[in-house]
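S.K.:
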Amino acid sequence: MLSYSARATSAAPPAAVWRLLLDARTWPAWSAVDGLDLERSSGLDPDGRDPVGAVRAFRTGKAVTGERLTGLVEETQLTYEDAFNQAIHDYRAVIDLTPAAGGGTAIHWHGTYSTGWLMRWVMGRVMSRVMQRMADGLAAYAESGGTPSGPAATSAATPPSRKRR
Numbered sequence: 001m002l003s004y005s006a007r008a009t010s011a012a013p014p015a016a017v018w019r020l021l022l023d024a025r026t027w028p029a030w031s032a033v034d035g036l037d038l039e040r041s042s043g044l045d046p047d048g049r050d051p052v053g054a055v056r057a058f059r060t061g062k063a064v065t066g067e068r069l070t071g072l073v074e075e076t077q078l079t080y081e082d083a084f085n086q087a088i089h090d091y092r093a094v095i096d097l098t099p100a101a102g103g104g105t106a107i108h109w110h111g112t113y114s115t116g117w118l119m120r121w122v123m124g125r126v127m128s129r130v131m132q133r134m135a136d137g138l139a140a141y142a143e144s145g146g147t148p149s150g151p152a153a154t155s156a157a158t159p160p161s162r163k164r165r
C-alpha cells in the first residue's frame, strides 16, 4: 500500500471548509479536478449536502474517477473510497478538519491506495503533489469566501475547460 498525507491551514472556520468539501459541485473551483461529471455521479444532493453512499465522478483531462462517500462527521471528518479509478485501487481517504490555534481550520487530507507495480513509483510522487494542491486549494478558497454555489458541474458530453496550474 502507498500513502500520502497533506496538511494546510485556512483562516476560514471549519463550517466554511466543510461546506466546500461536502458539495462536489464546488470542487472544480478549488481543487485539481476540472469538472464534476453528473452522468457518472449518483446520489448527489441538489442542495450541496452529498450523503454517505453518494458517488462523485470527477473529470481531470480525459480521465474520470469516482469516489464514494463512506463517512461524514459534521464539520470534522469526511471519508471516501474509490468507486472507479483506472490508475489506483483500494483507495481510502480521510479529510480531518480541526479548529486551528488562533482561529481558522487545520486540514489533514490523508489516504492509502494500491497500484500496479509499473505505476507504483510514478503514483507515489504524483499523489503526494496532487493531494497537497487539493488541501492548499481548499484552504485558500474557503479563506476567500468561496461558497457552495460554485461553478456548474459538467456533463459527460461537455468537455471541461483546462485550468492553468
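Under full-length UniProt numbering, the residues of the sequence shown are numbered 1 to 165, in order. Glycine residues also receive a C-beta, built at the ideal position from the N, C-alpha and C atoms. Note that this is a predicted model, so its numbers are computed, not measured.
By a C-beta neighbour count over all protein chains shown, 10 Å radius and 16 as the cutoff for buried, is Ser41 buried or exposed?
M.R.: buried
S.K.: Between the beta-carbon of Ala93 and the beta-carbon of Ala100, is there less than 9 Å?
M.R.: No, the pair does not count as a contact, with Cβ atoms beyond the cut-off.
S.K.: Under the three-state reduction of DSSP, which class applies to Arg129: helix, strand or coil?
M.R.: helix
S.K.: Pick helix, strand or coil for residue 212, following the three-state DSSP scheme.
M.R.: Residue 212 lies beyond the stretch modelled for the chain, which goes from 1 to 165, so this question has no answer here.
S.K.: Note down, in chain order, each residue of its chain lying with its Cβ closer than 6 Å to the Cβ of Ala31, except the 5 sequence neighbours on either side.
M.R.: The question names Ala, but residue 31 in the sequence shown is Ser. Counting only Cβ-Cβ distances below 6 Å, and skipping sequence neighbours, we find Met134, Gly137.
S.K.: Quickly, what does DSSP pair Leu118 with across the bridge? List them, please.
M.R.: Looking at the DSSP assignment, Leu118 forms no beta bridge with any residue, so it has no partner.
S.K.: For Val17, I'd like the list of residues in its chain whose CB is within less than 7 Å of its CB, leaving aside the five on either flank, ordered along the chain.
M.R.: Here the set comprises Ser10, Leu97, Thr105, Ile107, Leu138, Ala142.
S.K.: According to DSSP, is Ala100 helix, strand or coil?
M.R.: coil
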